[in-house]
Amino acid sequence: MGNEQLAARVDQISAGLAAALTSLVVGATALRHVDIVTTFMMYVAKMADDEARAYGSVAPLKVGLLNDYPTMGDTDNDTVDAIRLVIDEALAAGRIDRPVELVRRNVVGLPNGTYAAVERAFDELVGEGCLAIFGPWISDNVVPLRPHVDATARTPIITLSGSEGALGEWCFALNNGSMAEEPVMLAAVMLGDNRSRIAIAYEASLIGKEYLSFAEKAYTAAGLTVVSTMAIPQVEADKADVVDRLRAAEPDALVHVGFGHGLWGFTDALLAAGWDPPRYTTTAFEMAHINAEWMRQLAGWVGLDSYDERNAVGQAFLDRFEARYGRRPGHSMPGLAHDAATVIVRALEGARPLTGGGVKQAMEQVKLIPAASGAPGTFLRFGRFIRQGWLGSDYLVARRVLPDGSGHVFHAAPSANISRAVGVG
Numbered sequence: 001m002g003n004e005q006l007a008a009r010v011d012q013i014s015a016g017l018a019a020a021l022t023s024l025v026v027g028a029t030a031l032r033h034v035d036i037v038t039t040f041m042m043y044v045a046k047m048a049d050d051e052a053r054a055y056g057s058v059a060p061l062k063v064g065l066l067n068d069y070p071t072m073g074d075t076d077n078d079t080v081d082a083i084r085l086v087i088d089e090a091l092a093a094g095r096i097d098r099p100v101e102l103v104r105r106n107v108v109g110l111p112n113g114t115y116a117a118v119e120r121a122f123d124e125l126v127g128e129g130c131l132a133i134f135g136p137w138i139s140d141n142v143v144p145l146r147p148h149v150d151a152t153a154r155t156p157i158i159t160l161s162g163s164e165g166a167l168g169e170w171c172f173a174l175n176n177g178s179m180a181e182e183p184v185m186l187a188a189v190m191l192g193d194n195r196s197r198i199a200i201a202y203e204a205s206l207i208g209k210e211y212l213s214f215a216e217k218a219y220t221a222a223g224l225t226v227v228s229t230m231a232i233p234q235v236e237a238d239k240a241d242v243v244d245r246l247r248a249a250e251p252d253a254l255v256h257v258g259f260g261h262g263l264w265g266f267t268d269a270l271l272a273a274g275w276d277p278p279r280y281t282t283t284a285f286e287m288a289h290i291n292a293e294w295m296r297q298l299a300g301w302v303g304l305d306s307y308d309e310r311n312a313v314g315q316a317f318l319d320r321f322e323a324r325y326g327r328r329p330g331h332s333m334p335g336l337a338h339d340a341a342t343v344i345v346r347a348l349e350g351a352r353p354l355t356g357g358g359v360k361q362a363m364e365q366v367k368l369i370p371a372a373s374g375a376p377g378t379f380l381r382f383g384r385f386i387r388q389g390w391l392g393s394d395y396l397v398a399r400r401v402l403p404d405g406s407g408h409v410f411h412a413a414p415s416a417n418i419s420r421a422v423g424v425g
């Protein structure tokens, strides 16, 4: 633009601005400063290109869902539908004043896939402009991803990982388990069941080895005797030899620790050996919710789960879920998805500005929200230096798959014997 054209354009803008400012006096009464600013903003907007107009439409808030363990089963659908229900309820209640877009990435991460796929999906969601991401969920993926999330410093994540190595400045957890705490909980459950001699089969993986180190300490502190430890592959493999060697130690309880794929074939190997010991596992128990075959694989096992039918908040949510979708899931993922989405909704509501950093700070202000997961009395809360969001002694309970694999039932609350397990009282 030449100097003469530029001068003419300045004169045009000045004249228009003067006219706009002149109109701000109605009779003899001057408008407030806020009215002047508002009118000026509207004037500037009118001068803008119609294709890039800054008013009259609202961009959606984007929330990411990074599923690093897609099952192609009902649990995946239940998770997505639970998130959408929480978001829609928040919109209907006026908690959020603009539309929300759920941006999904399903990738096969570790143990059966690759970590690289998970990191790539995270980067894509950040690039899409997501203000928060639910996932990834698996510790083998989240622990190595944490430094990348913190270094990116743009979008907070909420993971289900039970490893404290997954926690960071931008990494929050509604941990669906805890490598450090689950062994103490299982020790309490086994004490309540009068077990004393424990044989441990641990998956040869990051998760399995971390569980094992805490389990040996927790069981010893609880007065339980570990009579054998055996490594098993993290992926599906034959268990006949492992079963024979564990049985030779004459335990009165068998414990599996790990992600859960190592459970495949265990029950069949026990049946083939004619051995039916009391058997326990971690939150790997929730593999039973994937489909009927996984339920059969866990027939007779006791394990930890965040689903508890005694939780009135969770049951009320399932009432609304059933009314909308015509089905009523009896497993952990709807409750976990409800709780994660609730944290995200509260953070979107409170974020100032509406950036990833604003959402992160708002997440830290989520306090004492009743949870749909866990036993009655479980709450959600984060803080400036609090990254695990459960508040309550029984955010996990023990459940048992029926011997015929037809379903699962409540078994015990760890809190009933937790004092014995930690040597207090």
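UniProt numbering numbers the first residue of the sequence shown as 1 and each following residue consecutively.
No residue lacks a Cβ here, since even glycine has one placed at the ideal position from N, Cα and C.
Using DSSP bridges, identify the partner residues of residue i.
i      : result
Tyr395 : The partner list for Tyr395 (beta bridge, DSSP) is empty, contrary to what the question assumes.
Lys209 : In the DSSP output, where bridge partners are listed per residue, Lys209 has none listed.
Asn106 : Asn67
Ala253 : Ile198
Arg279 : Leu254 and Trp301
His338 : According to DSSP, which records beta bridges pairwise, His338 is partnered with nothing at all.
Leu61  : Val100
Trp390 : Leu380
Pro111 : Pro111 is not bridged to any residue.
Which whole-angstrom value describes the C-beta separation of residue i and residue j, a residue pair presumed to lie in contact below a C-beta threshold of 8 Å?
i      : j      : result
Phe172 : Leu145 : Not quite, the Cβ-Cβ distance comes to about 13 Å (not below 8 Å), so this is no contact.
Leu263 : Gln234 : Actually they are not in contact, since the Cβ atoms of Leu263 and Gln234 sit about 11 Å apart, beyond 8 Å.
Thr282 : Tyr219 : That pair is no contact at about 13 Å.
Met333 : Thr159 : Incorrect: roughly 14 Å between the Cβ atoms, too far for contact.
Val126 : Lys62  : In fact, because the Cβ distance is near 10 Å, the residues do not count as touching under 8 Å.
Among the options, whose alpha-carbon lies nearest the alpha-carbon of residue i?
i      : options                           : result
Ala93  : Arg346, Val142 and Gln388         : Arg346
Ala249 : Asp305, Lys239, Ser57 and Ile198  : Ile198
Leu191 : Leu61, Ala222 and Met179          : Ala222
Ser419 : Phe379, Ala269, Ala187 and Gly64  : Ala187
Ala269 : Ser306, Val149 and Arg247         : Arg247
Ala416 : Leu396, Ala59 and Thr225          : Leu396
Val107 : Ser139, Val302 and Asp68          : Asp68
Ile138 : Glu164, Pro156 and Arg400         : Glu164
Gly405 : Ala59, Glu216, Ala292 and Ala240  : Ala292
Arg279 : Val189, Val58, Ser306 and Asn176  : Val189
Asp81  : Lys367, Leu391, Tyr325 and Gly392 : Tyr325
Leu66  : Pro99, Ala59, Glu119 and Leu91    : Glu119
Arg328 : Thr71, Ala59, Ala299 and Asn77    : Asn77
Ala371 : Gly389, Leu254, Thr355 and Cys130 : Gly389
Thr355 : Glu182, Val227 and Pro156         : Pro156
Lys360 : Ala59, Ala90, Ala323 and Leu131   : Leu131
Below 7 Å CB to CB, which residues in the same chain sit around residue i once its five sequence neighbours on both sides are set aside?
i      : result
Glu349 : Arg95 and Ile96
Tyr115 : Gly109, Asn141 and Pro144
Gly383 : Glu364
Gly423 : Ala221
Ala153 : Trp170
Pro376 : Arg310, Asn311 and Ala312
Residues in its own chain within less than 8 Å of residue i by CB, not counting five upstream and five downstream?
i      : result
Arg387 : Leu167, Gly168, Cys171, Phe172 and Ala173
Ala19  : Legend: pLDDT at Ala19 = 45, less than 50; position of this residue unreliable, no value from coordinates given.
Val37  : Bear in mind that the predicted position of Val37 carries a pLDDT of just 47, short of 50, making it too unreliable to give a figure here.
His411 : Val189, Val302, Val397, Ala398, Arg399 and Arg400
For residue i, collect the residues of the same chain with a Cβ closer than 6 Å to its Cβ; drop the 5 residues on either side in sequence, then sort them by chain order.
i      : result
Gly27  : Residue placement at Gly27 cannot be trusted, given a pLDDT of 39 that sits under 50; what the coordinates show is reported in the next sentence. Closer than 6 Å at the Cβ level, and outside the excluded window around Gly27, lies no residue.
Ala237 : none
Gly407 : none
Gly425 : Ser419
For chain C, check one thing: does any of its Cβ atoms lie closer than 8 Å to the Cβ of residue i?
i     : result
Leu85 : Structure shown: chain C not included; a single protein chain is present.
_Using 8 Å as the cut-off, can you tell me whether the region 78-87 makes contact with the region 335-345, which would need three or more C-beta pairs spanning the two stretches below that distance?_
yes
*asked:* Tell me whether the region 312-320 and the region 276-292 touch, counting them as touching only if at least three CB pairs, one residue from each stretch, are closer than 8 Å.
replied: no
*Count the C-beta pairs between the region 245-258 and the region 188-202 that are closer than 8 Å, then say yes if the count reaches three, no if not.*
yes
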